[in-house]
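Visitor: Sharing a structure with you now.
Numbering (UniProt numbering), first residue to last: 1 to 140.
In structure tokens, the structure reads:
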């Protein structure tokens, strides 16, 4: 199936998920499902951890090397409370888990908005199909 070459999103390799509109066996338009998260919507201390250790948020903490005490220091310097509501110290593991939960929640909210906007736009062109695609092919 032909993909319109004007789409700048195809400057990548590998297979990704997308929504498409097809007419006469040609893809009229395509929008990739994965969207970038805008970090301005998350607390500054989460952004500070992300800036220093972005891989933790992309591939998960079990697949990364990081320093928990450094993460705690970064978070506290960027505004995370050093002590819990009852006055006890907060563990670095708790801070990292909280940061990842906040990041994932915001990512989900942003994806839902991206999906709604994308599908609404594509629906004006025709029937929207979810698929996998690479730079040359669409698989559905």
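Glycine included, C-beta positions come from ideal geometry on N, C-alpha and C.
1) Taking the beta carbon of residue 48 as the centre, do at least 16 other beta carbons fall within 10 Å, making it buried, or is it exposed?
2) Considering only their Cβ atoms, is the gap separating residue 45 from residue 31 smaller than 7 Å?
3) Given that a residue counts as buried once 16 or more other Cβ atoms are within 10 Å of its Cβ, and exposed if not, what is residue 91?
4) Can you tell me whether DSSP reads residue 122 as helix, strand or coil?
5) Pull up the CB-CB distance for residue 79 and residue 43, whole angstroms please, since I reckon it's below 8 Å.
6) Count the other CB atoms, across all protein chains shown, that sit within 10 Å of the CB of residue 23; report buried if there are 16 or more and exposed otherwise.
7) Suppose the cutoff is 7 Å on Cβ atoms and the five residues either side in sequence are ignored; what does the same chain contact list for residue 95 look like?
8) Consult DSSP for residue 73 and reduce its assignment to one of helix, strand or coil.
9) Assuming residue 37 and residue 116 are in contact, meaning their beta carbons sit under 8 Å apart, how far apart are those beta carbons, in whole angstroms?
10) Bridge partners for residue 16 per DSSP, in chain order?
Guide: Let me lay it out:
1) In the assembly as shown, residue 48 is a buried residue. Its beta-carbon has 16 or more other beta-carbons within 10 Å.
2) Judged by beta-carbon spacing, residue 45 lies beyond the 7 Å limit of residue 31, meaning their Cβ atoms are not closer than that value.
3) Sixteen is the threshold: since fewer than 16 other Cβ atoms of the shown chains lie within 10 Å of the Cβ of residue 91, the residue is exposed.
4) Secondary structure of residue 122 (DSSP, three-state): helix.
5) The pair is a contact, with the Cβ atoms about 7 Å apart (cut-off 8 Å).
6) Exposed is the call here.
7) Closer than 7 Å at the Cβ level, and outside the excluded window around residue 95, lie 71, 72, 75 and 80.
8) In this structure, residue 73 counts as helix in the three-state DSSP scheme.
9) Between the beta-carbon of residue 37 and that of residue 116 there is about 16 Å, and that puts the pair past the 8 Å contact cut.
10) Paired residue(s): 133.
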